[in-house]
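Peer 1: Provided herewith is a single structure, encoded as structure tokens, for subsequent inquiry.
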Amino acid sequence: MDASYHFQGDANDEQLSVTPLVGLGKSSLLNKTIFHLMPCAEHKLTICTPYFNLPAVLVRNIIQLLRDGKKVEIIVGDKTANDFYIPEDEPFKIIGALPYLYEINLRRFLSRLQYYVNTDQLVVRLWKDDDNTYHLKGMWVDDKWMLLTGNNLNPRAWRLDLENAILIHDPKQELTPQREKELELIRTHTTIVKHYRDLQSIADYPIKVRKLIRRLRRIRIDRLISRIL
């Protein structure tokens with residue numbers, strides 16, 4: 001299934017331009033734009049996503065950028081800044097396990113790429129500000145491209161959800177001051193993960209969360225959940 005609409009722009013490659021995008025389905029124009037925009041980074045790619053559950057094709061893009069010597073910054077919400085997080089002093093619900101599953105994904109990702117974390121080529125920031133939640137999504141490619149989107153950059157958004165975005169091309173860096181200020185503000189309430197062991201493991205989780213995750217793993221349904229959420 002696919003969905004799109006036609007947009008005719010008149011800006012050339014040397015002009016500041018804004019392009020609206022929409023997509024539904026794995027092969028949508030929006031997904032293709034995200035996929036092909038990432039390797040365009042000549043120096044640095046910055047990604048904001050509330051849930052660390054990237055589609056495999058985007059993970060491969062990130063790994064290739066790192067192997068090519070490019071820098072990658074990922075700003076993701078701490079599990080306690082997740083919409084589904086339930087404090088330990090409140091009654092537990094199954095949906096409350098989701099933030100922990102996302103953290104497991106992030107820990108696994110970082111353990112695989114710890115070398116690039118050590119060299120500061122890969123920077124992962126966790127956003128946390130009191131009891132506020134984090135729901136920011138977008139991509140910045142060098143000083144030339146910005147993608148503002150409602151896409152969570154997760155498998156469900158990639159395959160099932162109707163998503164939209166605005167792609168900004170700034171070839172002459174006319175928006176650089178605003179861009180830098182925006183990213184500086186986003187980073188304000190973040191801490192850098194220096195090692196994958198800085199993140200909790202399953203053994204550190206509350207007992208109800210721990211039992212549920214281990215039960216899901218035994219029947220191998222945790223991978224299915226990651227695909228649809």
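Counting in full-length UniProt numbering, the sequence shown runs from 1 upward without gaps.
Don't be surprised by glycine CBs; every beta carbon is placed ideally from N, CA and C.
In this text the structure is predicted, and so the values were computed from the model without any measurement.
In chain order, what residues of the same chain lie with their CB nearer than 6 Å to the CB of R214, ignoring the 5 residues before and after it?
Peer 2: So no residue of the chain qualifies.
Peer 1: Figure out for me which residue from D204, Q64, L29 has the closest Cα to the Cα of L45.
Peer 2: Q64
Peer 1: So who's on the other strand from I34, going by DSSP bridges?
Peer 2: DSSP, once it has assigned bridges, lists no residue as partnering I34.
Peer 1: From which residue to which residue does the alpha helix (DSSP H) around P20 run?
Peer 2: Careful: P20 lies outside any alpha helix (DSSP H), inside the beta strand (DSSP E) at 17-24.
Peer 1: Sorted by chain position, which residues of the same chain lie with C-beta nearer than 6 Å to residue 233's C-beta, five sequence neighbours on each side aside?
Peer 2: What the structure shows of the chain is the stretch from 1 to 229, and residue 233 is not part of that stretch, so it cannot be assessed.
Peer 1: For N61, which of helix, strand or coil comes out of DSSP?
Peer 2: Residue state for N61 is assigned as helix, using DSSP reduced to three classes.
Peer 1: How do the region 136-145 and the region 78-87 stand: do at least 3 beta-carbon pairs fall below 8 Å, yes or no?
Peer 2: no
Peer 1: Evaluate I74 with the Cβ neighbour count: other Cβ atoms within 10 Å of its Cβ, from every protein chain shown; 16 or more gives buried, anything less gives exposed.
Peer 2: buried
Peer 1: Using C-beta distances below 8 Å, list every residue in its chain close to E103, excluding the 5 sequence neighbours before and after it, in chain order.
Peer 2: F52, K79, L199, Q200
Peer 1: How is A41 classed by DSSP in three states: helix, strand or coil?
Peer 2: A41 falls in the coil class under three-state DSSP.
Peer 1: Please look up how many angstroms separate the CB atoms of residue 314 and L66, rounded, as I've assumed it's under 8 Å.
Peer 2: The chain is shown only over 1 to 229; residue 314 falls outside these bounds and no answer can be derived.
Peer 1: Can you grab the Cα-Cα spacing for the pair Y157 / L113, in whole Å?
Peer 2: Reading off the sequence, residue 157 comes out as Ala, not Tyr. Approximately 25 Å between the Cα atoms of the pair.
Peer 1: For G23, count neighbouring C-beta atoms within 10 Å of its own C-beta (all shown protein chains included) and say buried if the count is 16 or more, exposed if not.
Peer 2: When all chains shown are included, G23 counts as buried.
Peer 1: In chain order, what residues of the same chain lie with their CB nearer than 7 Å to the CB of I95, ignoring the 5 residues before and after it?
Peer 2: Listed in chain order, the non-local C-beta contacts of I95 below 7 Å within the same chain comprise F84, local neighbours out to five positions each way being set aside.
Peer 1: Taking 8 Å as the cut-off, decide whether the C-beta atoms of P192 and V18 are in contact.
Peer 2: Position check: residue 192 holds Ile in this sequence, whereas Pro was assumed. Between I192 and V18, the CB-CB gap reaches or exceeds 8 Å.
Peer 1: If we count the other Cβ atoms within 10 Å of its Cβ and call it buried at 16 or more, is S28 buried or exposed?
Peer 2: buried
Peer 1: Taking DSSP as the reference, what is the three-state secondary structure of L122?
Peer 2: Collapsing the DSSP output to three states places L122 in a strand.
Peer 1: Given a cut-off of 8 Å on the beta-carbon distance, is the pair E14 and P155 in contact?
Peer 2: No, Cβ-Cβ distance for E14 and P155 is not below 8 Å.
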